[in-house]
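In the UniProt record's numbering, the protein residues as written are 1 to 220.
Report on one structure; see the data block that follows.
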């Protein structure tokens, strides 16, 4: 796996992506994708501007490990299983499995007009041994050099797990979301407003999940 270290480099300099954007002329949206490691490629001109501004070499910008990670999920019998397939130099090392118990509960939510409604929330509870993602991952991989992988890369793997969980939640409430979007389509006046509504709805749905999984004590 190879990732960029821009987020770390900016934190070390107490610099925001906005300031780097102003200094380099690189669009802030581009820098945001890069800092989140959500960009599949970085062109040479962009990399050159970042390296020059931060006074670093390209080798300082990237972080590499020969380990690769594939994330998949499966739901069965009210349990969500998260599988992390770990390869080294394209050879399978192991598969680490996190299994959380799925339950649901309802909360009373106050609306903008001061009325109230009941809303369903999901609970995803992992056993004590699995709650600390970093500790459990390090323990389950029986390779001496695995512990030397940078925290930044392991955080990236954790974010991939978080994305897989988010996608599960979105799929769980898919029918409800589609119904809300169909109803809103008759009200909004522009595609921009519709896109904004859909994005906000997605965030609201993801927030309905409550879980005890954390990255070394930092909540998901």
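Using N, Cα and C, we set each Cβ at its ideal position, and we do this for glycine too.
Quick caveat: nothing in here was measured; it's all calculated off a predicted structure.
Using the Cβ count rule (16 or more neighbours within 10 Å means buried), how would you classify residue i?
i, result
"residue 25", "exposed"
"residue 64", "exposed"
"residue 217", "exposed"
"residue 52", "exposed"
"residue 116", "exposed"
"residue 75", "exposed"
By alpha-carbon positions, which one of the options ends up nearest to residue i?
i, options, result
"residue 85", "19, 69, 4 and 200", "69"
"residue 58", "42, 67 and 78", "42"
"residue 67", "48, 93 and 175", "93"
"residue 198", "35, 174 and 164", "174"
"residue 141", "202, 95, 207 and 181", "95"
"residue 205", "189, 190, 181 and 185", "181"
"residue 120", "169, 134 and 91", "169"
Does at least one heavy atom of the ligand MN sit under 7 Å from the Cβ of residue i?
i, result
"residue 66", "With respect to small molecules bound, the structure shown includes none, and the ligand MN cannot be examined in it."
Rounded C-beta distance between residue i and residue j? I'm assuming under 8 Å.
i, j, result
"residue 102", "residue 137", "Their Cβ separation, rounded to whole angstroms, is 21 Å, which puts residue 102 and residue 137 out of contact at 8 Å."
"residue 89", "residue 4", "At roughly 22 Å, the Cβ-Cβ gap does not stay under 8 Å, so residue 89 and residue 4 are not in contact."
"residue 1", "residue 153", "6 Å"
Among residues of its own chain, excluding the 5 on either side of residue i, which ones have a beta-carbon nearer than 8 Å to its beta-carbon?
i, result
"residue 172", "122"
Once you ignore the five residues that flank residue i on each side, which residues in its own chain have a CB closer than 7 Å to its CB?
i, result
"residue 166", "206"
"residue 212", "125, 126 and 131"
Quick check on the DSSP output: what are the complete beta strand (DSSP E) runs of length 3 or more inside the segment 82-168, in order along the chain? 91-110 and 116-125
Entirely within the segment 28-93 and at least 4 residues each: give me those alpha helix (DSSP H) ranges in chain order. Restricting attention to alpha helix (DSSP H) runs no shorter than 4 residues, the segment 28-93 encloses them at 28-35, 44-54 and 58-61, ordered along the chain.
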